[in-house]
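In terms of the numbering used here, the sequence shown has 53 at position 67, counting the first letter as 1, and numbering is strictly consecutive.
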Amino acid sequence: MRYMLMLFEQDTDWDAVPEAERTAALDEHAAFIAYLNSRGIEHYGAALRPSTTATTLRPAGPDRDMLVTDGPYVELKENLAGFYIVEAADLDDAVEIARHCPTGTGTEIRPLWDATS
């Protein structure tokens, strides 16, 4: 089963972070990817730009018009900053995998729907 590991942390514009800090953060993720590879775990991941770059689409009323707004859906101190999609045997395995993943304030683990089943 595939799981999404959603990484939450305070917004960071990594383009403005000193190179040493950015390199250290990337090294942590490189170590996590090495762990995934050593276990033969299929994975995909990406970092997200700050929540200020988000665009939100939501229903604007009963006529099903959609409202497009700048910014994230809700105001939070921590935002979804990145994610990994990993293959795991079950939730316990997904939790064990996530324990090796660098995280800011928390990691949410969710199983993905398999639309082909």
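Heads up, the beta-carbon is just placed ideally off N, CA and C, and yes, glycines get one too.
Because the structure is a prediction, the values reported are computed rather than measured.
8 Å contact criterion, which Tyr30 and Tyr(-11) should meet: CB distance rounded: Sequence index remark: in the sequence shown, residue 30 carries index 44 (1-based). Sequence index remark: in the sequence shown, residue -11 carries index 3 (1-based). Wrong, their Cβ atoms sit about 12 Å apart, outside the cutoff.
Under the three-state DSSP convention, the category Arg85 falls into: The residue labelled residue 85 in the question sits at position 99 within the sequence shown. Looking at Arg85 - three-state DSSP - the assignment turns out to be coil, as it is neither helix nor strand.
Proximity below 8 Å, CB of Ala84 to CB of Thr93: For the purposes of this step, residue 84 is taken as the residue at position 98 of the sequence shown. For the purposes of this step, residue 93 is taken as the residue at position 107 of the sequence shown. Going by C-beta atoms, Ala84 is nearer than 8 Å to Thr93.
Burial state of Gly47 (16 or more Cβ within 10 Å): Your numbering for residue 47 matches position 61 in the sequence shown. By the neighbour-count rule (16 or more Cβ atoms within 10 Å), Gly47 is not buried but exposed.
Buried versus exposed, by CB contacts within 10 Å (16 or more), Asn23: The residue labelled residue 23 in the question sits at position 37 within the sequence shown. When all chains shown are included, Asn23 counts as exposed.
Bridge partners - Tyr(-11), DSSP secondary structure assignment: Here residue -11 corresponds to residue number 3 of the sequence shown, with the count starting at 1. BP columns for Tyr(-11) point to Val72, Pro97.
Helix, strand or coil at Ala10 [DSSP, three-state]: Within the sequence shown, residue 10 is the residue found at index 24, counting from 1. Three-state result, Ala10: helix.
Cutoff 8 Å: Thr93 Cβ touching any chain C Cβ: No chain C appears in the structure shown, which is made up of a single protein chain.
Check: Gly92 C-beta below 7 Å from any heavy atom of the ligand ATP: The ligand ATP is not part of the structure shown, which contains no ligands of any sort.
Opposing strand residues paired with Val54 [DSSP bridges]: Within the sequence shown, the letter at position 68 stands for residue 54. Bridge partners of Val54: Leu43.
Sequence-distant residues of its chain with Cβ nearer than 6 Å to Arg8 (five each side left out): In the sequence shown, the residue the question calls residue 8 occupies position 22. Trp0.
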